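J.: I'd like to ask some things about the structure below.
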């Protein structure tokens, strides 16, 4: 995946935007295959309660995935 961190709130939240993929050590960010991942997001929310951390994950994926 070719991605960037969109938002990072230390110990609370991370949002990652995917905009391409790697093929033969090259970043592919254009074309039909890259468009499948364009603007896909992966977000992690961390919540602590009484010494236990819960991680909630939200994913945008294609139907093929």
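In this note's numbering, the protein residues as written are -17 to 47. Glycine residues also receive a C-beta, built at the ideal position from the N, C-alpha and C atoms. Keep in mind that this is a model prediction, so the values were computed, not measured.
Determine the contact status of residue -16 and residue 1, defining contact as a CB-CB distance below 8 Å.
T.: One-based indexing of the chain shown puts residue -16 at position 2. One-based indexing of the chain shown puts residue 1 at position 19. Yes.
J.: Looking only at its own chain, which residues have a Cβ that is under 8 Å from the Cβ of residue 35, when we skip the five neighbours before and after it?
T.: In the chain shown, the residue the question calls residue 35 occupies position 53. Once the five neighbours on either side are set aside, the close Cβ partners of residue 35 are 28, 29.
J.: Look at the alpha carbon of residue 22 and the alpha carbon of residue 41, and state the distance between them as a whole number of angstroms.
T.: Position 40 of the chain shown holds residue 22. Position 59 of the chain shown holds residue 41. If you take the alpha carbons of residue 22 and residue 41, they lie about 8 Å apart.
J.: If I measure Cβ to Cβ from residue 9 and keep anything under 7 Å in the same chain, skipping five residues before and after, which residues do I get?
T.: The residue given as residue 9 occupies position 27 in the chain shown. The answer, listed in chain order, is -16, 2.
J.: So what's residue -11 in DSSP terms, helix, strand or just coil?
T.: Taking the first residue of the chain shown as 1, we reach residue -11 at position 7. The answer is strand: DSSP assigns residue -11 an E or B state.
J.: Under 6 Å Cβ to Cβ from residue -5, same chain only, skipping five residues before and after it: list those, please.
T.: On the chain shown, residue -5 is found 13 positions in, with the first residue counted as 1. Closer than 6 Å at the Cβ level, and outside the excluded window around residue -5, lie 27.
J.: By Cβ distance, which residues of its chain are closer than 7 Å to residue 16, with the 5 residues on each side in sequence left out?
T.: Locating residue 16 in the chain shown gives position 34, counting from the first residue. These residues qualify, in order along the chain: 2, 3, 10.
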